[in-house]
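Novice: Numbering (the numbering used here), first residue to last: 121 to 366.
Shown below is the structure under consideration.
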């Protein structure tokens, strides 16, 4: 004859079994509803944060036609397809019940212009070609030449810093060229002033640009800026050379 303790254990075990069965059944039902029925069908693709890349272009890259089961859509494959567009840097995709696929885009931001086979292209902070240039792009971005591959990443990161710090002279939009030589960094402004920075120094390039800002401010104040041909900061630390046009 079963004891009271035995009955309690039996009831607990039986109850747990029913709970597990109910949970398992619920999971199977949810999976069935999500993946094997037409309850959640794709009706809308929502594209967010796109500026230069059109919504239709992005949707075309997904290969989706509408009517697909929302939870059967292969997110990773669609991300890879969208990232085939060189203008797009990052993609985040989310499924929104009951019928929406949300695609959040981060486009590559132009940083500079590079010339390849006599054609101009916009590049981003990683040196990736985004698109061919338009004539007005020369107003906003310098033409870069990268002859020292070892310092390429440092150079591009410095250009990002310049672009984001418009309180220093010359401002980024006033740079016509930025040339990374084997042993120095050269800037050419739009009023044709050459500026030399050292490639190797105990100080970084931001230090030299802040010093350059003080020199430029002085030259503007004294109305000498149009007479300047060359500013060299690749001299002993704390010194500079200014050459005036003859």
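The beta-carbon is built from N, C-alpha and C at its ideal position, and this holds for glycine as well.
Taking all protein chains shown into account, decide if residue 100 is buried (16 or more other Cβ within 10 angstroms of its Cβ) or exposed.
Specialist: Residue 100 lies beyond the range of the chain shown here (121 to 366); nothing can be said about it.
Novice: For a test of the three-state rule: what should DSSP assign to residue 228, helix, strand or coil?
Specialist: coil
Novice: DSSP has residue 295 in a bridge; who is on the other side?
Specialist: 309
Novice: For residue 205, which option in 188, 234 and 175 has the closest C-alpha, if you only look at C-alpha atoms?
Specialist: For residue 205, the closest alpha carbon among the candidates 188, 234 and 175 is that of 175.
Novice: Across the segment 253-263 and the segment 197-215, are there enough close Cβ pairs to call them in contact, namely three or more that are closer than 8 Å?
Specialist: Taking 8 Å as the limit for Cβ pairs, the verdict is that the segment 197-215 does not touch the segment 253-263.
Novice: From the DSSP output, in three-state form, read off residue 218 for me.
Specialist: coil
Novice: Pick helix, strand or coil for residue 251, following the three-state DSSP scheme.
Specialist: Residue 251 falls in the strand class under three-state DSSP.
Novice: Using only the alpha-carbon positions, how far apart do residue 230 and residue 161 sit?
Specialist: 38 Å
Novice: If you measure between the beta carbons of residue 313 and residue 263, is that distance less than 8 Å?
Specialist: no
Novice: Could you check whether residue 245 and residue 227 sit closer than 8 Å to each other, using their CB atoms as the reference points?
Specialist: no
Novice: Alpha carbons only, please: which of 186, 258 and 166 is nearest the one belonging to residue 223?
Specialist: 166
Novice: Give me, in chain order, the residues of the same chain whose beta-carbon lies closer than 8 Å to that of residue 184; leave out the 5 immediate sequence neighbours on both sides.
Specialist: Within the same chain, residue 184 has close Cβ partners 162, 165, 193, 198 and 221.
Novice: Name the DSSP bridge partner or partners of residue 348?
Specialist: 364
Novice: Taking the C-alpha atoms as reference points, what is the distance between residue 177 and residue 235?
Specialist: 27 Å
Novice: From residue 318 to residue 346, what does the alpha carbon distance come to, in whole angstroms?
Specialist: 24 Å
Novice: Suppose you measure from the CA of residue 275 to the CA of residue 332; what does that come to, to the nearest Å?
Specialist: 17 Å
Novice: Using the C-alpha atoms, what's the distance from residue 310 back to residue 364?
Specialist: 16 Å
Novice: Does DSSP put residue 140 in a helix, in a strand, or in coil?
Specialist: Note: residue 140 maps to helix in three-state DSSP.
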